[in-house]
């Protein structure tokens, strides 16, 4: 798929086929996150690829919006250090947003769907994944083949009109 087509085909997938995603494809998706830009090239992130069904079910309970993780072929947990200062925390979350989107577009390029989730219960998430107490499991990314329909570029997405969003020079 061309980059522009992958961007237009990417959508949040919350229902997955039972088909596994190959290790090579999971590595490629995670590498896209690794290649994402980060402030000052700090790369204060770690990614944990999870494919064990019991772990996926357990991870689906760490946030009310994480239920789809239980049915995914895999999940990628995005982990950052815990921060005492708000600025460093915000910068790392911005960086994770870039890494997440890079992973989502790379997955779409492979015809693989993704659905993101936050994490509410840090202690449980750390326990499930073996993450040290001085780090946070910031987000989860469900990964799998869409159950409803394959990924294809969406001609008319359900978005605000582009003329209301893009401004030139001033608001």
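Numbering (this note's numbering), first residue to last: 1 to 171.
Even for Gly, the Cβ is constructed at its ideal location relative to N, Cα and C.
Note that the structure is a prediction, hence the values are computed from the model and not measured.
Worksheet item: Between residue 60 and the rest of its own chain, which residues show a CB-CB distance below 6 Å, the 5 nearest in sequence each way excluded?
Response: Within the same chain, residue 60 has close Cβ partners 66, 67, 69 and 70.
Worksheet item: Are there three or more Cβ pairs, one per stretch, closer than 8 Å when the region 146 to 166 is compared with the region 41 to 55?
Response: No, the region 146 to 166 does not touch the region 41 to 55.
Item to complete: In the DSSP assignment, find the unbroken beta strand (DSSP E) run with residue 81 in it and report its ends.
Response: 74 to 81 is the span of the beta strand (DSSP E), which, as asked, contains residue 81.
Worksheet entry | Inter-residue Cα distance where the pair is residue 145 and residue 82 | Distance from the CA of residue 145 to the CA of residue 82, rounded to the nearest whole angstrom, comes to 33 Å.
Worksheet item: Got a sec, what are the start and stop residues for the alpha helix (DSSP H) residue 101 sits in?
Response: In this chain, the alpha helix (DSSP H) harbouring residue 101 covers 86 to 109.
Worksheet entry | Cut-off 8 Å between Cβ atoms - residues of its own chain near residue 105, not counting five sequence neighbours on either side | 3, 6, 7, 10 and 32, listed in sequence order.
Worksheet entry | Alpha-carbon to alpha-carbon, residue 29 and residue 99 | When only Cα atoms are considered, residue 99 and residue 29 end up about 10 Å apart.
Worksheet item: Can you list the alpha helix (DSSP H) stretches of 4 or more residues lying completely in the region 32 to 72, in chain order?
Response: Complete alpha helix (DSSP H) runs here, min 4: 53 to 59.
Item to complete: Using DSSP bridges, identify the partner residues of residue 114.
Response: Answer by DSSP bridge pairing, in chain order: 12 and 143.
Practice prompt. Look at the alpha carbon of residue 38 and the alpha carbon of residue 53, and state the distance between them as a whole number of angstroms.
Written response: C-alpha separation (whole angstroms): 31 Å.
Item to complete: Go to residue 163, then tell me how far its alpha helix (DSSP H) extends in each direction, as first and last residue.
Response: Bounds of the alpha helix (DSSP H) holding residue 163 are 162 to 165.
Worksheet item: Going straight from the alpha carbon of residue 150 to that of residue 27, what length do you get?
Response: Going by the C-alpha atoms only, they are around 21 Å apart.
Worksheet entry | 8 Å Cβ cutoff met for residue 115 and residue 107 | Against a cut-off of 8 Å, the Cβ pair of residue 107 and residue 115 comes out as no contact.
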